[in-house]
Amino acid sequence: MQFAVTFRHMEPTEALKSYARERMERVRKYLPDPIACHVVLSTERHNHRIDVTFQLHNGLAIAGHEITENMYSSIDLCIAKIERQVRKYKGKLEGMRARPHNVIALPWSHSIVNEAFDGVDGQGPQTDQQANPEFSVVKTEKFHAQPMSVAEAIVQLNLLHEPFLVFCHDTDQRVAVVYKREDGAYGLIETPAAV
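For the sequence shown, our numbering assigns the number 7 to the initial residue and increments by one for each residue that follows.
Structure follows, in structure tokens:
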């Protein structure tokens, strides 16, 4: 397994690096052949944060993070969280086949848009110019929609702790979005199938 540690806003120490490696090795007994693990250790004020991402052989990723006042306890809590996740989905992870190398992920981007009403103060009638809001892109992220089934997308969504996941169907390459609803169920947005 490839193992990488990144230190941000803190002094890199071999003791922390070896402790993180030792703890990450514990997950190998639950995971079907992880190929890479990336750990980011950072501090901000008195908080110590760890972000961990495991890349699996079948293309899925498992992520976790934790913030405490001690880096060693952050590492322990984060790996415990990941172990619980992996035990929950162990059967499904083992059953998922490896993706063929010739299948290419579709690029897509996610933008956060800021809406600004210039000069609207809520008093008096509005002019046409005031009624038209201005929009500006605050942040844009680019991703690749990995080919997978809906069931695999739901597992991936839960393993990454993200609010939504864009993927393409592994059968016909249609782009779809799966998300977790407030009632705990899952929603699916997809393009219609070709006729």
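For glycine and all other residues, C-beta sits at the position ideal for the given N, C-alpha and C.
- Nonlocal neighbours in the same chain, by C-beta distance under 6 Å from Asp-127, ignoring five residues either side: Caution is warranted here: a pLDDT of 49 is assigned to Asp-127, below 50, making its placement in the model unreliable, and no coordinate value can be reported.
- Query: Among the residues of its own chain, which have a CB less than 6 Å from the CB of Cys-84, if the five just before and after it don't count?
  - Reply: Ile-56, Val-58, Gly-70 and Glu-72
- For Leu-47 versus Phe-9, is the C-beta distance shorter than 8 Å? no
- Query: What residues are listed by DSSP as bridge partners for Glu-50?
  - Reply: Asn-53
- Quick one: what's got a C-beta closer than 8 Å to Glu-89's C-beta in the same chain, skipping five residues either side? Arg-32, Val-33 and Tyr-36
- Task: Buried or exposed for Gly-40, please, with buried defined as at least 16 other CB atoms from any protein chain shown within 10 angstroms of its CB.
- Result: One point to set straight first is that residue 40 is Pro, not Gly, in the sequence displayed. Buried, by the Cβ-count rule.
- Task: Please go through the same chain and pick out, in chain order, the residues whose beta-carbon is closer than 8 Å to the beta-carbon of Val-119, but skip the five residues on each side of it.
- Result: Phe-141, Ser-142, Val-143 and Val-144
- Message: Taking DSSP's pairing of strands, which residues face His-175 in a bridge?
- Response: Met-154
- C-alpha gap between Leu-163 and Arg-29, whole angstroms: 24 Å
- Tyr-95 beta carbon less than 8 Å from that of Val-161: yes
- Can you give the Cα-Cα distance for Ser-80 and Glu-147, rounded to whole angstroms? 27 Å
- Whether Ala-67 touches Leu-171 by CB criterion (8 Å): no
- In the DSSP assignment, what residue or residues form a beta bridge with Ser-142? Asn-120
- Message: Can you check which of these residues, Tyr-78, Gln-91, Met-7 and Thr-49, is closest to His-167 by C-alpha distance?
- Response: Gln-91
- Starting from His-71, follow its DSSP beta bridges and name the residues at the other end. Asp-57
- Does DSSP classify Arg-180 as helix, strand or coil? coil
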